[in-house]
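A.B. asks: Attaching a single structure in structure tokens format; questions to follow.
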Amino acid sequence: MWVFTYKFDEDGYLLKYKARIVVRGDLQDQYGDTYAATLAARLFRALMALACAFNLNAMQYDVPNAFLNATLNRPLHVRTPDGFQDRYGQILRLLRALYGLKEAPRLWAIHLQASLRKLGLHPVQGFPCLWMNDRIILFFYVDDIIILYHPDYQEDFEKLERQLIKLYSLRQMGNVKWFLGIRVERVLASRQLYLVQDAFINKVCTEFDLIRSDGRYPSTPLSSTSRLLPYDGVSDPLLTKTYQRLVGNLAYIEIMTRPDVAHAHSILSRFLINPGPVHLSEIKHVWQYLYGTRYLAISARGGEPTQTFATKINSTLPTFFGAADASFGDDVETRRSSAGYVFMLYGMPVDWKATVLRSVTRSTTEAELYALSAAGVESQYWDRFCRNIGFTLHTKKALWCDNAQTVRLVQGDSDRIQTKLRHVDIHQMWLRQEVEAERITVEWKPTAEMPADGFTKLLPRQKHENFVRQLGMKDIRHLIVKDVPCPVPHP
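Note that UniProt numbering gives residue 395 to position 395 of the sequence shown, counting from 1, and the numbers run on in steps of one.
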């Protein structure tokens, strides 16, 4: 069948009209394996932070009609699209992975990976869509490709680029500016890199008529006094659909670039089935907060300009740490505790989570153990990442916690919690094991210095602004909008 679409640029301006012949995959009842891995958002953030820190060039490419490069691995027939029946008959045998085919993404991924192997790259085990050799890092999301390399290896990069262009007729897009709806702003003079989604926020708020005429917007994602409970009536279908769409869009932006709304998303996503007017009002409140802070970006800072990729890749990592926190029994309905963590790399939050514990805990210390254990497990992911790309951490990974009793427990300075709850004891003993083996270092930090505090509780304005600063988030309106002065930095 034919599909007619409009192609827009990143700011919403029309670029061209597109007509594409596709397969009706929704009618396909026979198909093999369809799984095709995609790049994790946290990997993209970490790689951008490393590019900033190591002074790496980041070049972007697009593969035109990517799926059509892959051939089918079995006979498959389709109906001839309108306009071609007189010439080709009613039925055609499909030779290529046409768009719409359920297997198409997987077949394209297999084809691209085979090509990368032939070009001398190898996959980074455990991290899908990430490939490298000793001089170049390449990662992709379906048909969007980014290559990272140090200027010292310009010849190696140009050779790889020529080979890829010959294979796939790549569209060269220059230095990365947009990726997966994320604006990438890089200031080479000050060695800063920013990731922001102002265009997406503007699009959603325009669609749902959330832009205020008076220009006044909330200063926090949710009111610090909000205590949302399940709606005791029957939700209107239109209200439910609107609420679900807004929460779904919120999930996307929270996962990608806005850790400051993670706790708000965790709360509001609990009411997707039967939301009431209060819930709809609160999700609109979050989006209006986002619109008022749409130029707020997560940022990374660079090292010395004289450092090269080769020497820097194995040097001491100046900034990598995690922080975990919990809010004991704060869910009014279930009395389960909120928990969250964040990992920072070169000043950029690269990994975060705000959630509710699956079981009720009996004390603040138990809740903190859960949160710290989750962060400890996640730190092993980053261990593998650094090890597999050849990036050596010469310092122990520090996990911050603001509960002194929990820190003493995992360091072995206090007796074990006496509990008959086996799952609590397992978290406790696993953390002790990792600390004793010196794979994790747990440090106490006061709550005022904890960047994980805002992942577990609603904060008043002043504390929320401090939370945003601790996450290294900065307003970059002056880099995006012309004639806007640079804001005075916070002390």
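Just so you know, even glycine gets a beta-carbon here, dropped at the ideal spot from N, CA and C.
1) In or out: V410 buried (at least 16 other Cβ within 10 Å) or exposed?
2) Alpha carbons only, please: which of E158, P451, S213 is nearest the one belonging to A58?
3) Report yes if the CB atom of L280 is closer than 9 Å to the CB atom of R45, and no otherwise.
4) With a threshold of 16 other CB atoms inside 10 Å of the CB of H150, please say whether the residue is buried or exposed.
5) Could you check if Q428 belongs to the surroundings of the ligand SAM, using beta carbon to heavy atom distance under 8 Å?
6) Kindly indicate which residue of A40, R87, S223, L193 has the alpha-carbon position closest to the one of I476.
7) Quick one: Cα of Y6 to Cα of Q197, how far?
8) Going by Cα to Cα distance, which pick from A104, R270, A37, P349 is closest to V332?
9) According to DSSP, E185 sits in a beta bridge with which residue or residues?
10) Taking F67 and Y99 to be in contact with their CB atoms under 8 Å, please state how far apart those CB atoms are, rounded to whole angstroms.
11) Could you give the distance in angstroms between the alpha-carbon of R96 and the alpha-carbon of H111?
12) In chain order, what residues of the same chain have a beta carbon less than 6 Å from the beta carbon of G120, not counting five sequence neighbours either side?
13) Please list the terminal residues of the continuous alpha helix (DSSP H) segment that includes L280.
14) Please state whether the Cβ-Cβ distance between A323 and W382 is less than 9 Å.
15) Name, in chain order, the residues that DSSP records as bridge partners for Y17.
16) Are Q2 and V23 touching if we call contact CB-CB under 9 Å?
17) If you draw a straight line from the C-alpha of K16 to the C-alpha of A41, how long is it?
18) Just mark Y88 as buried or exposed, buried being the case when its beta carbon has 16 or more other beta carbons within 10 Å.
19) Near D62, which residues of its chain fall below 8 Å by C-beta distance, leaving aside the five closest residues on each side in sequence?
20) What residue does the alpha helix (DSSP H) around H478 start on, and which one ends it?
21) Do you know whose CA, among A339, W287, K241, lies nearest S266's CA?
22) If you scan the stretch 54-137 from start to end, which runs of the beta strand (DSSP E) of 3 or more residues do you find wholly inside it?
23) Three or more C-beta pairs under 8 Å: does that hold for the stretch 442-449 against the stretch 233-252?
24) Please state whether DSSP places G472 in a helix, a strand or coil.
25) The alpha helix (DSSP H) that contains K445, what's its start and end?
26) Going by DSSP, what residue range makes up the alpha helix (DSSP H) through I267?
27) Tell me which residues share the same chain as L268 and place their Cβ nearer than 6 Å to its Cβ, disregarding the 5 neighbours each side in the sequence.
28) What do you reckon, are the CB atoms on S235 and H285 nearer than 9 Å?
29) In its own chain, which residues sit with a C-beta less than 7 Å from the C-beta of I91, not counting the 5 before and 5 after it?
30) Out of E103, E378, S299, A70, point me to the one whose CA is closest to R439's CA.
31) Given this structure, state the Cα-to-Cα distance separating I298 from Q470, to the nearest angstrom.
32) Leaving aside the five residues before and after P64 along the sequence, list all residues of the same chain whose C-beta is less than 7 Å from its C-beta, in chain order.
33) I need the straight-line Cα distance from W287 to N403, nearest angstrom please.
34) Considering only the beta carbon of each residue, do Y295 and Y217 sit closer than 9 Å?
35) In this structure, how does DSSP classify S379 when only helix, strand and coil are distinguished?
36) So, helix, strand or coil for I145, using DSSP?
C.D. replies: Working from what's here:
1) That one is buried.
2) The candidate whose alpha carbon is nearest that of A58 is E158.
3) In this structure, L280 lies away from R45, with their beta-carbon atoms at least 9 Å apart.
4) Per the 10 Å Cβ criterion, buried.
5) As far as ligands go, the structure on display features none, and thus does not contain the ligand SAM.
6) I476 has its Cα closest to that of L193, out of A40, R87, S223, L193.
7) Between Y6 and Q197, the alpha-carbon positions lie close to 21 Å from each other.
8) Looking at the Cα atoms, R270 is the closest of the given residues.
9) According to DSSP, E185 bridges with Y194.
10) About 6 Å separates the two Cβ atoms, so the contact holds.
11) Looking at the two C-alpha atoms, the distance is approximately 12 Å.
12) Contacts found: N133.
13) Segment 277-292, the alpha helix (DSSP H) holding L280.
14) Judged by beta-carbon spacing, W382 lies beyond the 9 Å limit of A323, meaning their Cβ atoms are not closer than that value.
15) Beta-bridge pairing by DSSP links Y17 to Y6.
16) First, the residue type needs correcting, since residue 2 is Trp and not Gln in the sequence shown. No, these two residues do not count as a Cβ contact at 9 Å.
17) So the two alpha carbons sit approximately 29 Å from each other.
18) An exposed status is given to Y88, since fewer than 16 other beta-carbon atoms sit within 10 Å of its beta-carbon.
19) Only D143, D144, I145, L170, R171, M173 meet the Cβ criterion.
20) Note, H478: alpha helix (DSSP H), 477-480.
21) Answer by Cα proximity: A339.
22) For the stretch 54-137, whole beta strand (DSSP E) runs of length 3 or above, ordered along the chain, are 57-62, 77-79, 91-93, 130-132.
23) Segments in contact, no.
24) Note: G472 maps to coil in three-state DSSP.
25) Unbroken run through K445: none, as it is neither H nor E.
26) Judged by DSSP secondary structure, I267 falls within the alpha helix (DSSP H) whose first and last residues are 262-268.
27) Excluding the 5 residues flanking it on each side, L268 has same chain C-beta neighbours closer than 6 Å at V247, I283, in chain order.
28) No. Outside cutoff.
29) Excluding sequence positions up to five before and after I91, its CB lies within less than 7 Å of the CB of H77, R79, T80, all in the same chain and listed in chain order.
30) Ranking the options by Cα distance to R439, first place goes to E378.
31) Going by the C-alpha atoms only, they are around 11 Å apart.
32) Within the same chain, P64 has close Cβ partners S169, R171.
33) Near 33 Å, if we compare the C-alpha coordinates of N403 and W287.
34) No. Outside cutoff.
35) Secondary structure of S379 (DSSP, three-state): helix.
36) Three-state result, I145: strand.
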